[in-house]
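Quick note: the sequence shown, position 13, residue 13 per UniProt numbering, numbers continuous.
Heads up, the beta-carbon is just placed ideally off N, CA and C, and yes, glycines get one too.
Values in this document were obtained by computation on a predicted structure and should not be read as measured data.
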Amino acid sequence: MDRKEIFERIEQVLAEQLGIPAEQITEEADLREDLGMDSLDLVELVSALEDEVGMRVEQSQLEGIETVGHVMELTLDLVARLATASAADKPEAAS
């Protein structure tokens, strides 16, 4: 998943979850103030992203998550860690 795909997925989940137009969702949008999310909404968003990426988010990783951009950075980090773990699990190609 690249940055654009991650944003589109977050946008889709938030629009469905919150019942708001996708156009209202930007990287700069504050989850609470601009989008009206509460802590349960954040848990549901993270759960959907965990399912999408295939990795779990630690509670400590949610600290400081205030904007859609922060959610994107967290998701990009998870994708990168998953890719690194997958590469480490693959056996070296025979020479």
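| task | Would you check if the distance between the CB atom of LEU76 and the CB atom of ARG3 is smaller than 8 angstroms? | result | yes
| Residue from THR26, GLN17 and ARG9 with nearest C-alpha to ASP41 | GLN17
| field | Simplified DSSP assignment, three categories, for THR84 | value | helix
| query | Between the beta-carbon of LEU82 and the beta-carbon of LEU45, is there less than 8 angstroms? | reply | no
| Which of helix, strand or coil does DSSP assign to VAL75? | Here the sequence assigns Thr to residue 75, which means Val is not the residue at that position. In the structure shown, THR75 sits in a helix (DSSP, three-state: H, G or I).
| Between which two residues does the alpha helix (DSSP H) carrying LEU18 extend? | 3-18
| request: Starting from the C-beta of ILE10, find all residues in its chain whose C-beta is less than 8 angstroms away, skip the five residues before and the five after it, and write them out in chain order. | output: ILE25, LEU45, LEU49, VAL68, VAL71, MET72 and THR75
| message | Strictly by DSSP, which residues pair up with THR67? | response | ASP30
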